[in-house]
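Q: Residue numbers (our numbering): -1 to 184.
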């Protein structure tokens, strides 16, 4: 197609061929089959990967650290850094999972992206009105999003929804969708 140099074909045009395995939710729905879990690798990240990410994303690290400083259960700088590193680890693992999902099932990938974006938009508004302590709010946001993933994306293997939940929270903290006012509440 590209070699024909047609005016309506972009230079980077690509054809991707997918079989029904790329759309398991739609296929199962059409066939009346119960949802079947995806086979995904859930690799763990190491301290070097976390440090590399933190070095490359200093601005995000500063934003996350500033918010975690408002969480009463993370009183010491050491606990804040430990928790942030755990979140960053889950963020990296979550991105690895999402890349696998994108490759295997593009429709499912888009669905997860839509769920995350919709939740991010509501979090920004909720941050202005919340009177919940930051630690409770953080726990609640994670639990609610993980439950939403389990309910709406039933083909994820055990543990993947939890990783994606913490990946989203790390992202939302870094991008300011999830915020805690200075007074400690919210």
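Glycine included, every Cβ here is placed at the ideal spot set by N, Cα and C. For clarity, every value in this text was computed on a predicted model and none was experimentally measured.
What residues in its chain sit with their C-beta under 8 Å from that of residue 110, if we drop five residues either side in the sequence?
A: Looking up residue 110 in the chain shown gives position 112. Excluding positions up to five away in sequence, the list reads 96, 99, 147, 151 and 162.
Q: If contact is defined by three or more beta carbon pairs under 8 Å, each pair taking one atom from either stretch, is the region -1 to 12 in contact with the region 54 to 66?
A: Taking 8 Å as the limit for Cβ pairs, the verdict is that the region -1 to 12 does not touch the region 54 to 66.
Q: Rounded to the nearest angstrom, what separates residue 155 and residue 94 at their Cα positions?
A: Taking the first residue of the chain shown as position 1, residue 155 is located at position 157. Taking the first residue of the chain shown as position 1, residue 94 is located at position 96. Spanning the two alpha carbons is a distance of roughly 14 Å.
Q: Is DSSP giving residue 164 helix, strand or coil here?
A: Mapped onto the chain shown, residue 164 falls at position 166. Looking at residue 164 - three-state DSSP - the assignment turns out to be helix.
Q: According to DSSP, simplified to helix, strand and coil, what is residue 58?
A: Looking up residue 58 in the chain shown gives position 60. The answer is helix: DSSP assigns residue 58 an H, G or I state.
Q: Alpha carbon to alpha carbon, what distance is there between residue -1 and residue 185?
A: The chain is shown only over -1 to 184; residue 185 falls outside these bounds and no answer can be derived.
Q: To which residues of the same chain is residue 114 closer than 6 Å at the C-beta, ignoring the five residues directly before and after it?
A: On the chain shown, position 116 is the one that residue 114 refers to. Around residue 114: 166.
Q: For residue 68, which of helix, strand or coil comes out of DSSP?
A: The sequence position of residue 68 within the chain shown is 70, counting from 1. The answer is coil: DSSP assigns residue 68 none of H, G, I, E or B.
Q: Check for me: the alpha helix (DSSP H) holding residue -1 runs from which residue to which?
A: The residue given as residue -1 occupies position 1 in the chain shown. It is not in any alpha helix (DSSP H) - residue -1 carries neither H nor E in the DSSP assignment.
Q: Would you mind working out which of 9, 130, 103 and 67 sits nearest residue 20, comparing C-alpha positions?
A: Translated into the one-based positions of the chain shown, residue 20 becomes position 22. That would be 103, whose Cα lies nearest to the Cα of residue 20.
Q: Cα separation between residue 128 and residue 42?
A: Locating residue 128 in the chain shown gives position 130, where the first residue counts as 1. Locating residue 42 in the chain shown gives position 44, where the first residue counts as 1. Straight-line Cα distance between these residues: approximately 34 Å.
Q: Would you please state the rounded distance, in angstroms, between the beta carbons of residue 58 and residue 172? I believe it to be under 8 Å.
A: If you number the chain shown from 1, residue 58 lands on position 60. If you number the chain shown from 1, residue 172 lands on position 174. Contact flag correct, Cβ pair sits at about 4 Å.
Q: Nearest by alpha-carbon distance to residue 86: which of 135, 60, 153 and 123 is it?
A: The residue labelled residue 86 in the question sits at position 88 within the chain shown. Closest by alpha carbon: 60.
Q: What separation, rounded to the nearest whole angstrom, lies between the Cα atoms of residue 13 and residue 144?
A: Within the chain shown, numbered from 1, the residue matching residue 13 stands at position 15. Within the chain shown, numbered from 1, the residue matching residue 144 stands at position 146. Taking the straight line from one Cα to the other gives about 34 Å.
Q: Looking only at its chain, what residues have a beta carbon closer than 8 Å to the beta carbon of residue 91, apart from the 5 residues adjacent to it on each side?
A: Start at 1 with the first residue of the chain shown, and residue 91 comes out as number 93. Contacts found: 40, 41, 42, 43, 161 and 165.
Q: Can you list, in chain order, the residues of its chain with a C-beta nearer than 8 Å to that of residue 183? Leave out the 5 residues immediately preceding and following it.
A: Locating residue 183 in the chain shown gives position 185, where the first residue counts as 1. Note that residue 183 scores a pLDDT of 43, beneath 50, so its modelled location is shaky; the value from the coordinates is reported in the next line. Result list for residue 183: 128, 129, 130, 131 and 132, in chain order.
Q: Applying the 10 Å Cβ sphere with the 16-neighbour rule, what's the burial state of residue 169?
A: Reading the chain shown from its first residue, position 171 is the one you call residue 169. Burial call: buried.
Q: With H, G and I counted as helix, E and B as strand and the rest as coil, what does DSSP make of residue 104?
A: For the purposes of this step, residue 104 is taken as residue 106 along the chain shown, with counting starting at 1. Correct three-state label for residue 104: helix.
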